[in-house]
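Everything on this sheet refers to the single structure shown next.
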Amino acid sequence: MLRPNPRGSAGRGASFAEAVIGDMGGLDVQDILSGIEHLVTTGVADPDRIGIVGQSYGGFLACWMPVVSDVFKASVSRSPCTDWRSFHLTTNIPEFDDLFLDGDIWDDGSQYLTRNPLTHHARNTTPTLLTAGRLDLATPANQAEQMYRALEANGVPAALAIYPEEGHGVQQPPALADQCARMVAWFERFMPAGR
111 MLRPNPRGSA GRGASFAEAV IGDMGGLDVQ DILSGIEHLV TTGVADPDRI
161 GIVGQSYGGF LACWMPVVSD VFKASVSRSP CTDWRSFHLT TNIPEFDDLF
211 LDGDIWDDGS QYLTRNPLTH HARNTTPTLL TAGRLDLATP ANQAEQMYRA
261 LEANGVPAAL AIYPEEGHGV QQPPALADQC ARMVAWFERF MPAGR
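Right under this line is the structure:
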């Protein structure tokens with residue numbers, strides 16, 4: 111398992127943490143892909159069993175990275191942002207995308223579209239499980255629902271689990287146990303051992 115600390119993460123100084131301001135889905139993605147490439151090249155990781163899982167910002171990456179790379183055999187995206195425009199208009203934290211995306215929300219050449227998983231969903235062929243809490247105000251459940259419907263319409267294996275009593279990140283034991291079981295089953299289905 112690779113648990114990267116890409117540019118934009120905390121713990122390595124302000125300039126490192128601020129490296130993705132105006133570049134979310136850029137340098138951070140390069141760092142993660144470099145880590146995966148290193149693990150495959152050195153024989154640590156099996157290239158036929160590369161999956162991705164993320165929540166919130168990581169949920170965005172779990173939907174975005176399969177758009178820009180075909181290394182992933184399965185993806186689990188929890189509480190994701192999948193469409194920056196609708197996210198901005200429905201989230202309780204619109205300042206998040208204002209800070210991390212370059213350009214204006216209504217400019218078709220801005221990162222609101224160029225770094226938008228839903229806009230580029232046709233390039234995503236990775237089987238994707240999406241989960242969300244119906245009560246999530248940060249990344250509303252409709253973000254997961256939209257991506258699920260787009261992938262399914264393109265014939266990409268996709269599944270969706272919405273937890274009616276959960277908010278941002280599934281936390282309560284019954285729902286959390288269900289989400290974990292779904293994640294394990296998803297990866298076992300698309301990245302079985304001994305393949």
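Under this note's numbering, the residues of the sequence shown are numbered 111 to 305, in order.
Just so it is clear, CB atoms sit at the ideal spot from N, CA and C, and this is done for glycine as well.
Original post:
Looking only at C-alpha atoms, which of 271, 149 and 295 sits nearest to residue 251?
Top reply: One-based indexing of the sequence shown puts residue 251 at position 141. Answer by Cα proximity: 271.
Original post:
residue 154 by DSSP, collapsed to three states: which one?
Top reply: Here the question's residue 154 lines up with position 44 in the sequence shown. Reduced to three states, the DSSP call for residue 154 is coil.
Subject >> residue 146 in three-state terms, based on DSSP >> reply: Taking the first residue of the sequence shown as 1, we reach residue 146 at position 36. Residue 146 falls in the helix class under three-state DSSP.
Original post:
By Cβ distance, which residues of its chain are closer than 8 Å to residue 249, with the 5 residues on each side in sequence left out?
Top reply: For the purposes of this step, residue 249 is taken as residue 139 along the sequence shown, with counting starting at 1. The answer, listed in chain order, is 166, 169, 189, 190, 191, 197, 201, 242 and 278.
Original post:
Nearest to residue 208 by CA position, among 302, 290 and 131, is which residue?
Top reply: Your numbering for residue 208 matches position 98 in the sequence shown. Among 302, 290 and 131, the Cα nearest to that of residue 208 belongs to 131.
**OP:** Determine the direct distance from the alpha carbon of residue 274 to that of residue 284, and round the result to whole angstroms.
**Re:** The count along the sequence shown starts at 1 and reaches residue 284 at position 174. The count along the sequence shown starts at 1 and reaches residue 274 at position 164. If you draw a straight line from the Cα of residue 284 to the Cα of residue 274, it comes to about 12 Å.
Original post:
How would you write the range of the alpha helix (DSSP H) that residue 221 sits in, first residue to last?
Top reply: Looking up residue 221 in the sequence shown gives position 111. Element bounds for residue 221: 221-224.
Subject >> residue 163 - containing beta strand (DSSP E), residue span >> reply: Position 53 of the sequence shown holds residue 163. For residue 163, the enclosing beta strand (DSSP E) stretches over residues 161-165.
Original post:
Exposed or buried, what is residue 157 when buried is set at 16 or more other beta-carbons lying within 10 Å of its beta-carbon?
Top reply: Taking the sequence shown and counting its residues from 1, the one referred to as residue 157 is at position 47. Exposed is the call here.
**OP:** Would you grab the beta carbon distance between residue 184 and residue 236 for me? Rounded to a whole angstrom, and I think it's under 8 Å.
**Re:** Locating residue 184 in the sequence shown gives position 74, where the first residue counts as 1. Locating residue 236 in the sequence shown gives position 126, where the first residue counts as 1. Your pair residue 184 and residue 236 checks out as a contact, with CB atoms roughly 7 Å apart and the cut at 8 Å.
**OP:** Identify whether residue 270 lies in helix, strand or coil by the three-state DSSP scheme.
**Re:** The sequence position of residue 270 within the sequence shown is 160, counting from 1. DSSP, reduced to helix, strand and coil, places residue 270 within a strand of the structure shown.
Subject >> Which of helix, strand or coil DSSP assigns to residue 186 >> reply: Residue mapping note: residue 186 aligns to position 76 of the sequence shown, counting from 1. Residue state, collapsed to three classes: strand.
Subject >> For residue 234, the nearest candidate out of 175, 297 and 302 (CA to CA) >> reply: Within the sequence shown, numbered from 1, the residue matching residue 234 stands at position 124. Check the Cα spacing between residue 234 and each of 175, 297 and 302: the tightest is with 175.
Original post:
Just to confirm, are residue 146 and residue 178 a CB contact at a threshold of 8 Å?
Top reply: If you number the sequence shown from 1, residue 146 lands on position 36. If you number the sequence shown from 1, residue 178 lands on position 68. Using a Cβ distance threshold of 8 Å, residue 146 and residue 178 do not count as a contacting pair.
Original post:
In three-state DSSP terms, what is residue 241?
Top reply: The residue you call residue 241 lines up with position 131 of the sequence shown. Note: residue 241 maps to strand in three-state DSSP.
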